[in-house]
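**Student:**
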Amino acid sequence: MKTVVVLPNWIGDVVMATPALKAIRAQSQPGDEIVGVMQPYVKDVLRGTHLLDRSIYWSKKTSDRRRRFWGVVKQLRAESFDQAILFTNSLRTAALPYFGKAKRRIGYARGWRSPLLTDRLTPPKMPNGKYAPISAVDYYLDLVEMAGYPSQGQQPVLAISQAEQRRVDEIWKKFDFFGKKVVVFNTGGAYGAAKHWPAEHYITLAEQLVKDPSVAVLLICGPQERETVAKIEQAIDHPNACSLADETLNIGLSKAAVHQADVLVTTDSGPKHFAAAFATPTVALFGPTDPRWGDSHNPVETMLNHPVDCGPCVKRVCPLGHHDCMQKLSVARVYQAVQDHLNQAKRAAA
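Residue numbers (the working numbering): 2 to 351.
1. Helix, strand or coil for residue 182, going by three-state DSSP, please let me know.
2. Three Cβ pairs or more, each shorter than 8 Å: is that satisfied between the stretch 159 to 178 and the stretch 90 to 107?
3. Which residue or residues does DSSP assign as beta-bridge partners of residue 39?
4. Considering Cα atoms alone, identify which of 150, 145, 148 and 3 is closest to residue 78.
5. Hey, out of 344, 323, 67 and 337, whose CA is closest to residue 196's CA?
6. With a Cβ-Cβ cutoff of 7 Å, do residue 217 and residue 179 count as a contact?
7. Please confirm whether residue 157 and residue 278 have their CB atoms less than 7 Å apart.
8. Please name the residue in 204, 189, 210 and 274 whose C-alpha comes closest to that of residue 181.
9. Use the C-beta contact count for residue 174: other C-beta atoms within 10 angstroms, 16 or more gives buried, fewer gives exposed.
10. Hey, could you find the ends of the alpha helix (DSSP H) residue 135 is sitting in?
11. I'd like the span of the alpha helix (DSSP H) that includes residue 255, first residue to last.
12. Within 10 Å of its beta-carbon, does residue 256 have 16 or more other beta-carbons around it, so buried, or fewer, so exposed?
13. In chain order, what are the residue ranges of uninterrupted beta strand (DSSP E) at least 3 long that sit wholly in the stretch 276 to 319?
14. By the three-class DSSP mapping on this structure, what secondary structure does residue 222 have?
15. Excluding the 5 residues flanking residue 224 on each side, which residues of the same chain have their C-beta closer than 8 Å to its C-beta?
16. Just the C-alpha distance for residue 332 and residue 16, rounded to the nearest angstrom, thanks.
17. Nearest to residue 305 by CA position, among 247, 337 and 319, is which residue?
18. For residue 198, count the other beta carbons within 10 Å of its own beta carbon; 16 or more makes it buried, fewer makes it exposed. Which is it?
19. Within the continuous beta strand (DSSP E) that includes residue 3, where are the two ends?
20. Under the three-state reduction of DSSP, which class applies to residue 129: helix, strand or coil?
21. Can you have a look at residue 315 and say buried or exposed, based on whether 16 or more other CB atoms are within 10 angstroms of its CB?
22. Starting from residue 353, follow the beta strand (DSSP E) in both directions and report where the run begins and ends.
23. For residue 298, which of 187, 320 and 18 has the nearest alpha-carbon?
24. Can you tell me whether DSSP reads residue 161 as helix, strand or coil?
25. Could you give the residue range of the alpha helix (DSSP H) that holds residue 13?
26. For a test of your reading of the model: does the CB of residue 115 fall under 6 Å from any non-hydrogen atom of the ligand HEM? Yes or no.
27. Is the CB-CB distance between residue 339 and residue 284 below 7 Å?
28. Since residue 108 is in the beta strand (DSSP E), which residue starts that stretch and which ends it?
29. Do the stretch 81 to 89 and the stretch 5 to 16 touch if we need at least three Cβ pairs shorter than 8 Å?
30. If distances are taken between C-alpha atoms only, which option among 55, 226 and 14 comes closest to residue 26?
31. The alpha helix (DSSP H) spanning residue 235 covers which residue range?
As structure tokens, this is what we get:
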């Protein structure tokens with residue numbers, strides 16, 4: 002059986018698709034092959050998991066014709082895939098295996114793409130006709146179960162390479178973190194500003210945490226968040242509060258930092274789902290998105306939000322300009338949730 006899986010674009014969604022990939026892998030027989038169609042950066046998320054045998058990269062923003070739509074279609078046709086499983090919802094991505102001549106094409110019936118699929122699953126809906134908010138982990142697992150792959154569990158699957166572990170150990174040594182409880186802050190996220198907790202809240206939270214000399218704070222970031230994270234670090238101005246702003250950044254380093262953290266404080270973005278794979282205690286801050294969509298089944302995660310009449314709006318930028326869903330999510334609530342996780346770890350170690 003030769004299977005191609007079309008993976009999501011968002012890093013967090015890719016992580017939440019790993020239990021479904023694990024289910025496919027568990028049923029594979031000698032000679033079977035699982036090939037991923039993905040954005041190039043996704044390879045760093047899945048590196049070391051062995052969930053895929055190889056990858057085909059595609060991107061709308063490239064001059065490489067092999068990675069554009071018709072270039073990928075040509076590669077799929079040449080491969081003669083027995084089946085395609087789509088973890089994406091768009092019409093465009095459903096067209097890839099359709100024109101690529103995959104014999105069986107499995108996906109959700111939404112976005113006018115049903116005629117392109119041979120096997121369709123209707124997403125659960127609420128009485129008002131809107132899609133029901135369920136965990137993306139379960140959304141993907143339901144799809145592969147329909148395709149004949151029983152669930153092997155809901156926990157996401159990630160790996161840390163030896164090189165990534167060495168790099169994060171170097172950072173822990175550089176910042177004198179060994180022997181301390183390290184609370185990692187993930188302040189950003191590619192989705193948009195509406196998901197961000199205010200910088201001044203992170204500053205206040207860090208200042209309260211580092212009053213305890215046994216606690217340190219590390220701010221992780223992607224390339225787009227360097228400047229913001231550097232300003233937060235500067236405002237905190239404490240030797241036990243450091244950032245990765247001056248480091249060489251990549252997804253592997255973020256994974257390793259989350260893996261090594263004692264507690265993660267994060268927006269609804271990729272690192273939150275890294276934590277689920279590593280069972281890292283987490284305080285997840287939700288604003289414009291429904292926490293039920295982003296539930297990655299981390300048993301040591303505390304999900305916090307501030308209910309507002311206008312939410313969850315799922316907008317990238319607050320359309321009303323006040324951003325109350327995140328502005329009014331208090332530092333006191335987040336601080337208490339972090340302390341609860343730290344205290345639980347102390348009791349477990351006693």
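Glycine included, each C-beta is placed from N, C-alpha and C at the ideal position.
These figures come from a predicted structure and were not determined experimentally.
**Tutor:** Let's see:
1. In the sequence shown, counting from the first residue as 1, residue 182 sits at position 181. If DSSP states are grouped into helix, strand and coil, residue 182 belongs with the strands.
2. no
3. Counting from one through the sequence shown, the residue named residue 39 turns up at place 38. According to DSSP, residue 39 bridges with 58.
4. In the sequence shown, residue 78 corresponds to position 77, counting from 1. When only C-alpha atoms are compared, the closest one is 3.
5. Looking up residue 196 in the sequence shown gives position 195. Cα-wise, what sits closest to residue 196 is 323.
6. The residue given as residue 217 occupies position 216 in the sequence shown. The residue given as residue 179 occupies position 178 in the sequence shown. No; because the gap between Cβ atoms is not below 7 Å, this pair is not in contact.
7. Along the sequence shown, read from residue 1 onward, the residue named residue 157 stands at position 156. Along the sequence shown, read from residue 1 onward, the residue named residue 278 stands at position 277. Judged by beta-carbon spacing, residue 278 lies within the 7 Å limit of residue 157, meaning their Cβ atoms are closer than that value.
8. As a position in the sequence shown, residue 181 is number 180, starting the count at 1. Ranking 204, 189, 210 and 274 by Cα distance to residue 181 puts 210 first.
9. Taking the sequence shown and counting its residues from 1, one reaches residue 174 at position 173. When all chains shown are included, residue 174 counts as exposed.
10. Locating residue 135 in the sequence shown gives position 134, where the first residue counts as 1. Counting along the chain, residue 135 falls outside any alpha helix (DSSP H), and DSSP gives it neither H nor E.
11. Position 254 of the sequence shown, counted from the first residue, corresponds to residue 255. Residue 255 -> alpha helix (DSSP H) spans 252 to 261.
12. Position 255 of the sequence shown, counted from the start, is the residue given in the question as residue 256. Result: buried.
13. DSSP runs (the beta strand (DSSP E)) wholly in the stretch 276 to 319: 283 to 287 and 302 to 306.
14. If you number the sequence shown from 1, residue 222 lands on position 221. In this structure, residue 222 counts as coil in the three-state DSSP scheme.
15. Looking up residue 224 in the sequence shown gives position 223. Result list for residue 224: 250, in chain order.
16. Counting from 1 along the sequence shown, the entry for residue 332 is found at position 331. Counting from 1 along the sequence shown, the entry for residue 16 is found at position 15. Looking at the two C-alpha atoms, the distance is approximately 28 Å.
17. Within the sequence shown, numbered from 1, the residue matching residue 305 stands at position 304. Comparing Cα positions, the closest option is 337.
18. As a position in the sequence shown, residue 198 is number 197, starting the count at 1. Label assigned to residue 198: buried.
19. Reading the sequence shown from its first residue, position 2 is the one you call residue 3. 3 to 7 is the span of the beta strand (DSSP E), which, as asked, contains residue 3.
20. The residue given as residue 129 occupies position 128 in the sequence shown. Coil.
21. Within the sequence shown, numbered from 1, the residue matching residue 315 stands at position 314. By the neighbour-count rule (16 or more Cβ atoms within 10 Å), residue 315 is not buried but exposed.
22. The chain is shown only over 2 to 351; residue 353 falls outside these bounds and no answer can be derived.
23. For the purposes of this step, residue 298 is taken as the residue at position 297 of the sequence shown. Checking every option, the nearest Cα to that of residue 298 belongs to 18.
24. Position 160 of the sequence shown holds residue 161. Residue state, collapsed to three classes: coil.
25. On the sequence shown, position 12 is the one that residue 13 refers to. Note, residue 13: alpha helix (DSSP H), 12 to 27.
26. Within the structure as shown, the ligand HEM is missing, as the structure has no ligands at all.
27. By one-based count along the sequence shown, residue 339 stands at place 338. By one-based count along the sequence shown, residue 284 stands at place 283. It is a contact, given that the beta carbons lie within the stated cut-off.
28. As a position in the sequence shown, residue 108 is number 107, starting the count at 1. Start and end: 105 to 109.
29. yes
30. Along the sequence shown, one-based indexing puts residue 26 at 25. Checking every option, the nearest Cα to that of residue 26 belongs to 55.
31. On the sequence shown, residue 235 is found 234 positions in, with the first residue counted as 1. First-last of the alpha helix (DSSP H) with residue 235: 227 to 237.
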